[in-house]
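Residues in the sequence shown are numbered from 1141 upward in steps of one, following the working numbering.
Just so it is clear, CB atoms sit at the ideal spot from N, CA and C, and this is done for glycine as well.
A short write-up of the structure that comes next.
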Amino acid sequence: MHHLNLHYVYIMVKSINLMVRISNHNLIKLLIENSRTSYVEIAKKLGVSEAAVRKRIKRLEDLGVIRRYTIDVDPKRLGYEVLAIIGLDVEPEHLLKIMEELRSREEAVKLYLTSGDHMLMIECWFKNSREFSSFIKGLESREGVRRVCPAIILERLK
């Protein structure tokens, strides 16, 4: 009969518990709230060791779950008075070219290929309504664009 070292079993159970106790969702939520939060602070909030947090974050980086650390800016404080989300429908043969053009536009801060009501969704920032109007007119006159559906963002809720 084999006798297990109880200390070894305790360490194994403790390591398994640490892995289970660190929820990727909770960890990522903390980093989204503030990507500069220290490992020590995250560990305190999650009730685990700093080493466990460091290892989990490294693993998430290695897996490509965490791709980069960034900032959340207030575009209005940077002088952008009009924030909009624009739904765009294009003819399939023009999709790649239009996507490339939009990627290079300074006003387009985020660009998504989507299913549903629109093929593309664009988050844009404009200094004023004149810039916004000019951008929309440019899209509407662009070859291959079927429909432009702009919506001005009134308030960011989350």
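What three-state label does DSSP hand residue i in the structure shown?
i	result
Gly1227	strand
Met1261	strand
Ile1172	helix
Met1141	In this prediction, Met1141 scores a pLDDT of 46, lower than 50, which makes its location untrustworthy; the coordinate-derived value is nonetheless stated afterwards. In the structure shown, Met1141 sits in coil (DSSP, three-state: anything other than H, G, I, E or B).
Arg1282	coil
Kindly give me the distance between the Cβ atoms of residue i and residue j, rounded to whole angstroms, as I take these residues to be in contact under 8 Å.
i	j	result
Leu1278	Val1230	A quick correction: the sequence has Gly, not Leu, at residue 1278. So it is not a contact: roughly 14 Å between Cβ atoms.
Ile1293	Ile1226	The pair is not a contact, with the Cβ atoms about 11 Å apart (cut-off 8 Å).
Leu1167	Arg1194	About 11 Å separates the two Cβ atoms, so there is no contact after all.
Thr1177	Leu1171	7 Å
Pick out whichever of the options has its Cα sitting closest to the Cα of residue i.
i	options	result
Ala1291	Ser1273, Arg1243, Asp1214	Ser1273
Glu1246	Lys1298, Glu1295, Ser1189, Phe1275	Phe1275
Pro1215	Arg1282, Val1249, Tyr1179, Arg1270	Val1249
Leu1228	Ala1192, Ala1191, Leu1242, Cys1289	Cys1289
Rounded to a whole number of angstroms, what is the C-alpha to C-alpha distance between residue i and residue j?
i	j	result
Glu1201	Asn1174	17 Å
Ile1262	Thr1254	10 Å
Arg1287	His1165	37 Å
Trp1265	Tyr1220	6 Å
Lys1169	His1258	29 Å
Gly1204	Lys1198	10 Å
Name the DSSP beta bridge partners of residue i, please?
i	result
Leu1251	Ile1262
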